[in-house]
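Taking it in order: structure first as structure tokens, then the write-up.
There are 2 protein chains.
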Amino acid sequence: MLQNENYNTDLIEPCNDECSFCFLNYTDVLGKNSLFRGLSKGEIGEIIRSVHHQSKAYSKGEVVANEGDNYDRLILIVKGAVVGEMMDFEGKVLRVEQRSAPETVAIAFIFGNNNRLPVTITAVEETRLLFIPRDDLVKLFSGNKIVLSNFLDNMADRAQFLSRHLRMLGLHSIRGKIAHYLLEQVKLQGSTDIRMPHTQAALSEMFGVARPSVARVLRDMNNASIIESRGKNIRIINTEELSTMLS
Amino acid sequence: MLQNENYNTDLIEPCNDECSFCFLNYTDVLGKNSLFRGLSKGEIGEIIRSVHHQSKAYSKGEVVANEGDNYDRLILIVKGAVVGEMMDFEGKVLRVEQRSAPETVAIAFIFGNNNRLPVTITAVEETRLLFIPRDDLVKLFSGNKIVLSNFLDNMADRAQFLSRHLRMLGLHSIRGKIAHYLLEQVKLQGSTDIRMPHTQAALSEMFGVARPSVARVLRDMNNASIIESRGKNIRIINTEELSTMLS
DNA sequence: TTCATTTTGTAACATATGATACATTTTGCT
DNA sequence: AGCAAAATGTATCATATGTTACAAAATGAA
Numbered sequence: 006m007l008q009n010e011n012y013n014t015d016l017i018e019p020c021n022d023e024c025s026f027c028f029l030n031y032t033d034v035l036g037k038n039s040l041f042r043g044l045s046k047g048e049i050g051e052i053i054r055s056v057h058h059q060s061k062a063y064s065k066g067e068v069v070a071n072e073g074d075n076y077d078r079l080i081l082i083v084k085g086a087v088v089g090e091m092m093d094f095e096g097k098v099l100r101v102e103q104r105s106a107p108e109t110v111a112i113a114f115i116f117g118n119n120n121r122l123p124v125t126i127t128a129v130e131e132t133r134l135l136f137i138p139r140d141d142l143v144k145l146f147s148g149n150k151i152v153l154s155n156f157l158d159n160m161a162d163r164a165q166f167l168s169r170h171l172r173m174l175g176l177h178s179i180r181g182k183i184a185h186y187l188l189e190q191v192k193l194q195g196s197t198d199i200r201m202p203h204t205q206a207a208l209s210e211m212f213g214v215a216r217p218s219v220a221r222v223l224r225d226m227n228n229a230s231i232i233e234s235r236g237k238n239i240r241i242i243n244t245e246e247l248s249t250m251l252s
Numbered sequence: 006m007l008q009n010e011n012y013n014t015d016l017i018e019p020c021n022d023e024c025s026f027c028f029l030n031y032t033d034v035l036g037k038n039s040l041f042r043g044l045s046k047g048e049i050g051e052i053i054r055s056v057h058h059q060s061k062a063y064s065k066g067e068v069v070a071n072e073g074d075n076y077d078r079l080i081l082i083v084k085g086a087v088v089g090e091m092m093d094f095e096g097k098v099l100r101v102e103q104r105s106a107p108e109t110v111a112i113a114f115i116f117g118n119n120n121r122l123p124v125t126i127t128a129v130e131e132t133r134l135l136f137i138p139r140d141d142l143v144k145l146f147s148g149n150k151i152v153l154s155n156f157l158d159n160m161a162d163r164a165q166f167l168s169r170h171l172r173m174l175g176l177h178s179i180r181g182k183i184a185h186y187l188l189e190q191v192k193l194q195g196s197t198d199i200r201m202p203h204t205q206a207a208l209s210e211m212f213g214v215a216r217p218s219v220a221r222v223l224r225d226m227n228n229a230s231i232i233e234s235r236g237k238n239i240r241i242i243n244t245e246e247l248s249t250m251l252s
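Note that the protein sequences, when read in sequence, are chains A and B.
Following our numbering, the numbering of the first sequence begins with 6 at its first residue and continues without gaps.
Following our numbering, the numbering of the second sequence begins with 6 at its first residue and continues without gaps.
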């Protein structure tokens, strides 16, 4: 198992008072992070300046943190994207979520009585993360009701996401999962002509199924004239039929 | 679908200043709720007295709230137990969790941008619940750092639970799920001679599988001399073999 | 103790999905 | 444009699981 050599568990030293790197480079993207919604750039800059924090770059494929690691800090994505995955010892992967700048990472697990990371976090492209330790978060909450409120909203949104994922995994067959995914993409892309943003391998990891089984279901939907697919490009022909697969 | 006739969405009127019913009857059980860990009974009584709240009784089988309902209050179980389940339109059920006094209910979903209940909550025995609206919670947090800290821990614990459930549903076959359950019961009951606290029907709903399939896997484990089962009474014979099913 | 209800056990068959292997097509980099 | 790597497509067979029905055993209430 990869050792956590990049994820320092020691207290993070703050940048110096003139840390122009963080202030100048990150307040723009942090301003778009829902944790700071309702705050001005000046206020965000003041927050970054006043808390311990660390900025670190990761290359594509590099592990940020491992499943089971102690998790007691806030991670903000200021550039790039990461994926969170659960794995068993036989190499099977359950891909939970990909998060991109300017979002947070695994915000729901910072507190609690057994706050260990339930997923392995890996950079999927050149990525830069900003770390803020939990104690500094708590202080921040004391002094800033807006950040606390935003934090509670963020945690709740993550719990909602986990519940939806739970529902999809526990109530649907492969066909139901794929139908759900396609309908969601139709909604997101605003058209019945969509291009899947995930490979079939990624879909199989999201749904906990075998990759050739995903291909087979897509082919069967083709043959049943429910969709018309060419690789990642898919035209939905029978939206209602897809919907009935979700019942 | 059952109408939500018992779950008033109007602002909850507080008990009067001499609400002996709540103070005398509930501070004992509330004192055992992790939300109030670190507080004295006097402090808890003062909290209950100062927030809007409502107490309501439910009979066995009565629906407390439906999946999809707006969810903007704290529910504390002062007596009895409830179950949270997801359902599709064909009657398939995914049982997420049963919660008992003195625990909270669905604490992770009170805040957020789309705070709808992801489960239907039903009383599984004679049950009494205490409701506190979200706005009063927010005020409580302002004045009490301990309750805020406990609340964040509670939310994080629920997120951990959802993640473990997600992992179990997404990475394991039926055999893996049952093996996991049996090993967990061994741990909880402190013996390899256990009595399943759930019926096979309940297990099938927890795992999202068919009830006769649960029976078949248990029989197969019997035949393979991994367990020795008589109804709900199970003796684990080959703990290592069960463990390998979780890899 | 009795009895109705609930739970468990099981069979038979159908369907779904996994596993493995490999060919073909697409994509991204140089 | 070319080429290597990644992704998709597909076949075949095995295994897992669902469905339906019904019998037997266990449980809880009277």
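C-beta: ideal position from N, C-alpha, C; glycine also.
Assignment of Met211 (chain A) by DSSP, reduced to helix, strand and coil, places it in the helix class. Here Ser209 (chain B) is buried. Its C-beta has 16 or more other C-beta atoms within 10 Å. Among the bridge pairs identified by DSSP, Ser178 (chain B) is matched with none.
Only those residues of the stretch 196 to 216 of chain A whose C-beta falls short of 7 Å from the nearest C-beta of chain B are listed: Gly213. By the neighbour-count definition (other C-beta atoms within 10 Å, threshold 16), Gln190 (chain B) is a buried residue. Interface residue (Cβ-Cβ distance to chain B less than 9 Å): Arg78 (chain A) is not classified as such. In summary, the residues of the stretch 74 to 100 of chain A whose CB is separated from some CB of chain B by less than 7 Å are Met91, Asp93, Phe94, Glu95, Lys97 and Leu99, in the order they occur in the chain.
In the three-state DSSP reduction, Asn227 (chain B) falls in the helix class (H, G or I). Annotation for Ser55 (chain A): the continuous alpha helix (DSSP H) segment containing it runs Lys46 to Ser55. Contacts between Met160 (chain A) and chain B, judged by CB atoms closer than 9 Å, involve Ala113, Phe116, Gly117, Leu157, Met160, Ala161 and Ala164 in chain order. Around the beta carbon of Thr127 (chain B), 16 or more other beta carbons sit within 10 angstroms, so the residue counts as buried. Distance from the CA atom of Ser147 (chain B) to the CA atom of Ser105 (chain A), rounded to whole angstroms, is 32 Å.
Legend: CB atoms of the stretch 171 to 184 of chain B lying less than 7 Å from CB atoms of chain A belong to residues Leu171, Arg172, Leu174, Gly175 and Leu176. From the listed residues B:Pro123, B:Gly43, B:Leu44 and B:Leu134, the smallest Cα separation to Val87 (chain B) is found for B:Leu134. Across the set A:Leu35, A:Arg235 and A:Glu246, the C-alpha of A:Arg235 shows the shortest separation from the C-alpha of Met201 (chain A). Contact annotation: the stretch 75 to 91 of chain B touches the stretch 101 to 115 of chain B, with at least three C-beta pairs closer than 8 Å.
In chain order, Ala161 and Gln165 make up the part of chain B whose C-beta sits under 8 Å from the C-beta of Asn120 (chain A). Fewer than three beta-carbon pairs drawn from the stretch 52 to 65 of chain B and the stretch 113 to 123 of chain B are found closer than 8 Å, and the two stretches are therefore not classed as touching. Looking at the DSSP output, Gly89 (chain A) bridges to A:Glu102 and A:Ile126. Neighbourhood of Ser168 (chain B) in chain A, by CB distance below 7 Å: Pro123 and Leu167, in chain order. Counting of Cβ neighbours within 10 angstroms places Leu142 (chain A) among the buried residues, the total reaching 16 or more. Boundaries of the beta strand (DSSP E) around Thr132 (chain A): Thr132 to Pro138. A direct Cα-Cα distance of roughly 33 Å separates Lys144 (chain A) from Arg100 (chain A).
9 Å or more divides the Cβ of Ile199 (chain B) from the Cβ of Ile231 (chain B).
For Leu81 (chain A), the enclosing beta strand (DSSP E) has its first and last residue at Arg78 to Lys84. For the pair Arg42 (chain B) and Asn155 (chain B), the CB atoms are nearer than the 9 Å cut-off. One alpha carbon belongs to Lys97 (chain B), the other to Asn38 (chain B), and they sit about 32 Å apart.
Under the DSSP definition of a beta bridge, Arg121 (chain B) partners with B:Asn75. DSSP places Ser248 (chain A) inside the alpha helix (DSSP H), whose first and last residues are Thr244 to Thr249. Taking a cut-off of 8 Å on C-beta distances, the stretch 177 to 196 of chain B does not touch the stretch 67 to 83 of chain B, as fewer than three cross pairs fall below it.
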